[in-house]
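Counted from 1, the sequence shown has number 149 at position 149 by UniProt numbering; the numbering is strictly sequential.
Ideal Cβ positions, reconstructed from N, Cα and C, are used throughout, including at glycine.
Okay, so here's the structure we're looking at.
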Amino acid sequence: MNEAERIDKRTFCERCGTCCIKGGPALHAEDLRLFKDGILNYRQVYTLRKGELVQEQIQGGLLPLDEEIVKIRGIGDSRWTCLVYDDDEKACTIYEDRPAECSIFNCWAPEDLEAMYTKDRLTRLDIVPEGSGLAELIATHEAQAPVAEIETLAIAFIKGDEAAGSQLADKILWDAAFRSAFAEKTETGEEEMNFFFGRPLKTVIRQFDLEIVRSDDGKYQIRKTN
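If you want it as structure tokens, here you go:
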């Protein structure tokens, strides 16, 4: 019996950890309590912003996000094992308070997860204090460097528009400066900033096979990686 057949015949969770080592769950409205109760904190989650390309688990394939999602981050270079999964013990360290997706998911019958997968997803502004300075900074960053604009500039550059490449480089440098200033003033680490402001734009452009490099004259420019 192969693995697919074995899973198909399963009627209970064997706690094998397969779902956990594939990455942390996206969070939903009912998971807000995890922050209020101190089960999760800002360092343990990260944001994938609207427009970013992600591996879609339900539909399959690499697709742009219709809306932002907040996920428990992963650990490891080659694996995206969920941060709160203990691989040695084959156990979730917050099992009694596990997120909604984890509670509802049965690998042998994924229909319940599929039904709620895109519903009531948490966003950053659901989690940070309403009307706070932090909420304002998140909104400012999103307005100045939306992923949709980055995608437009990246595609234009790939098609030969050098001016778009210059604009894209400016956006990436602005993003880096914004993060640096925020970190200096607040002593915030990279992990928290990946929640507040999503992944750095220099990382986001890798999905287009692009990178930003410094030329011999000291100027930054966008370059194709293949």
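Proximity of residue i and residue j at Cβ, strictly below 9 Å
i	j	result
W174	Q144	yes
L34	D97	yes
I172	P200	yes
R73	V54	no
A26	D126	no
I212	A154	no
L83	G165	no
V147	K50	yes
R124	E67	no
A163	K202	no
H141	F178	yes
D31	P99	yes
A169	Y220	yes
G209	T225	It is worth fixing the name first, because residue 209 is Asp in this sequence and not Gly. In this structure, T225 lies closer than 9 Å to D209 by Cβ.
A139	R15	no
G160	E52	no
M116	E101	yes
DSSP bridge partner residues for residue i (one or two, in chain order)
i	result
L53	P64
K224	L210
D97	DSSP, once it has assigned bridges, lists no residue as partnering D97.
Y85	C92
I75	T81
A26	K71
R121	H28
Residue i CB to nearest heavy atom of the ligand NAD below 8 Å
i	result
V70	Questions concerning the ligand NAD fall outside what the structure shown contains, since it holds no ligand whatsoever.
Distance between beta carbons of residue j and residue i, contact taken as under 8 Å
i	j	result
F195	L137	About 12 Å separates the two Cβ atoms, so there is no contact after all.
I75	L48	Rounded, the Cβ-Cβ distance is 17 Å, inconsistent with contact.
T81	I21	5 Å
I43	G189	First, the amino acid is wrong: residue 43 is Arg here, not Ile. Between G189 and R43 the Cβ distance is about 7 Å, and since that is below 8 Å, they are a contact.
Residue range of the beta strand (DSSP E) that includes residue i
i	result
T47	45-48
I69	69-72
Limits of the alpha helix (DSSP H) - the one that residue i falls within
i	result
T140	133-144
E111	111-116
R33	32-36
D126	124-127
Where are the alpha helix (DSSP H) runs, 4 residues long or more, that stay fully inside the segment 159-221, in chain order? 162-186, 190-196, 201-204
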